Ligand SMILES: [Cu+2]
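In the working numbering, the protein residues as written are 5 to 187.
See the structure below:
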């Protein structure tokens with residue numbers, strides 16, 4: 005019995021060490037300026053890694069996409085859920101990577117996809133959700149100060165009329181096949 009227990013423990017330690025060594029190279033490969041993001045993400049539960057809450061508002065899975073060289077705009081996508089009993093409005097968005105950020109909607113007019121800024125706030129009715137997705141509503145990062153690269157993250161602050169400011173993190177996904185925005 006004693007021998008068996010010891011061997012089980014030895015195996016467990018070996019497993020932990022193996023996992024540790026497997027993890028370390030990945031951690032070291034991360035750029036130093038992302039260490040803060042990794043720590044913040046680790047503080048949230050794994051399942052909730054891309055969920056952000058303020059008051060009755062929950063924002064999930066914000067993402068944007070890598071920008072081709074010289075591009076000055078990028079669309080941001082996410083889902084907003086209002087768990088409250090009153091309507092709220094997304095009134096403003098800001099990010100250090102963009103000169104300014106707007107909230108846009110896309111409409112099909114005579115076969116041409118056009119977008120316009122929503123200047124009076126995006127309403128999220130009580131108990132309902134609004135999805136910002138390609139070819140529809142989106143956050144628009146304008147006057148980008150740097151190209152967005154796949155695998156990086158972009159911090160932004162969404163301001164809700166009732167729930168207040170909410171800092172979210174957009175994942176930068178690959179350059180997509182969906183049409184590039186033209187302004
Ligand atoms: Cu737009």
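Backbone N, C-alpha and C define an ideal beta-carbon position, used for all residues, glycine too. The structure presented is a predicted model; accordingly, all values stated were derived computationally and were not measured.
Exercise for review: Kindly indicate which residue of 68, 57 and 97 has the alpha-carbon position closest to the one of residue 80.
Suggested key: 68
Practice item. Go ahead and pull the three-state DSSP assignment for residue 87. Key: Here residue 87 sits in coil by DSSP.
Point to revise | Rounded straight-line distance, which links the Cα of residue 107 to that of residue 93 | key: C-alpha separation (whole angstroms): 11 Å.
Review point. Which of helix, strand or coil does DSSP assign to residue 174?
Key: strand
Check your understanding: residue 139 to residue 109, Cα distance in whole Å?
Key -> 8 Å
Review point. Which word fits residue 144, buried or exposed, when buried means at least 16 other C-beta atoms lie within 10 angstroms of its C-beta?
Key: buried
Check your understanding: Taking one C-beta from the region 59–77 and one from the region 110–118 each time, how about it: are there three or more such pairs within less than 8 Å?
Key -> By the Cβ rule, the region 59–77 does not count as touching the region 110–118, because fewer than three pairs are nearer than 8 Å.
Point to revise | C-beta contact flag for residue 122 and residue 86 at 8 Å | key: no
Review point. Apart from the five residues just before and just after residue 57, which ones in its own chain have a Cβ nearer than 6 Å to its Cβ?
Key: none
Exercise for review: Within its chain, find whatever has a CB closer than 6 Å to the CB of residue 173; leave out the 5 residues flanking it on each side and keep chain order.
Suggested key: Excluding residues within five positions, the ones whose Cβ falls inside 6 Å are 157 and 159.
Exercise for review: Just confirm the distance between the C-beta atoms of residue 154 and residue 127, as a whole number of angstroms; I'd bet it's less than 8 Å.
Suggested key: Going by Cβ atoms, the distance from residue 154 to residue 127 rounds to 33 Å, so no, they are not a contact pair.
Review point. Is residue 73 near residue 151, with beta carbons less than 8 Å apart?
Key: yes
Practice item. Tell me, to the nearest whole angstrom, how far the beta carbon of residue 96 is from that of residue 167; I am working on the premise that it is less than 8 Å. Key: The pair is not a contact, with the Cβ atoms about 12 Å apart (cut-off 8 Å).
**Study point:** Burial state of residue 142 (16 or more Cβ within 10 Å)
**Key:** The residue is buried, with at least 16 neighbouring Cβ atoms inside 10 Å.
**Study point:** Segment limits, beta strand (DSSP E) that includes residue 116
**Key:** 116–121
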